[in-house]
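J.: In my numbering, the protein residues as written are 1 to 122. Virtual Cβ for every residue (Gly too), placed ideally from N, Cα, C. All values reported here derive from a predicted model rather than from experimental measurement.
(1) Enumerated in chain order, which unbroken segments of the beta strand (DSSP E) with a length of 3 residues or greater are wholly contained in the segment 5-56?
(2) On the DSSP letters alone, give me the boundaries of the beta strand (DSSP E) that residue 85 sits inside.
(3) Nearest-angstrom Cα distance between residue 72 and residue 93?
(4) Of all the options 60, 51, 8, which has the alpha carbon lying nearest to the alpha carbon of residue 107?
(5) Note down the Cα distance separating residue 165 from residue 40, rounded to an integer number of angstroms.
(6) Taking the DSSP output, what are the residues bridged to residue 112?
(7) Grouping DSSP H, G and I as helix and E and B as strand, with all else coil, what is residue 102?
(8) Need the endpoints of the beta strand (DSSP E) that residue 78 sits in, please.
(9) Give the secondary structure of residue 92 by DSSP, where H, G and I count as helix, E and B as strand, and everything else as coil.
(10) Short check: CB of residue 23 to CB of residue 49, under 8 Å?
(11) Can you give me the Cβ contacts of residue 86 inside the same chain, cut-off strictly under 7 Å, excluding the 5 residues immediately before and after it?
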């Protein structure tokens with residue numbers, strides 16, 4: 001696997017364009033920075049948001065504010081609250097996000113390093 005390099009930089013999220021994505025209910029707002037093989041997003045789900053699809057992608061998710069329920073296709077649910085994280089590799093779960101009365105703000109990182117076929121380095 002080829003090594004990817006990202007030089008030191010700061011990100012002023014106030015200057016990153018915000019895109020809108022409708023859920024089954026509610027709205028998601030994404031601010032996205034992309035590098036080769038890496039995507040970093042600041043994501044806000046509105047109150048009463050429910051994703052309109054089951055996601056198979058891997059993510060590292062850190063909850064900055066609020067709370068979100070992570071539902072797996074098998075019916076398992078877990079709550080992510082401010083200060084908590086979850087991590088999953090590509091193709092290891094079908095999951096979706098659901099919020100209630102409060103929305104949530106998340107930092108989400110995904111990329112090629114979360115592909116389940118990538119060799120781990122010892």
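T.: Walking through what the data contain:
(1) 18-22, 27-35, 38-45
(2) 85-88
(3) 7 Å
(4) 60
(5) The requested residue 165 is not part of the displayed model; the chain covers only 1 to 122.
(6) BP columns for residue 112 are empty, so no partner.
(7) coil
(8) 77-81
(9) coil
(10) yes
(11) 61, 70, 80
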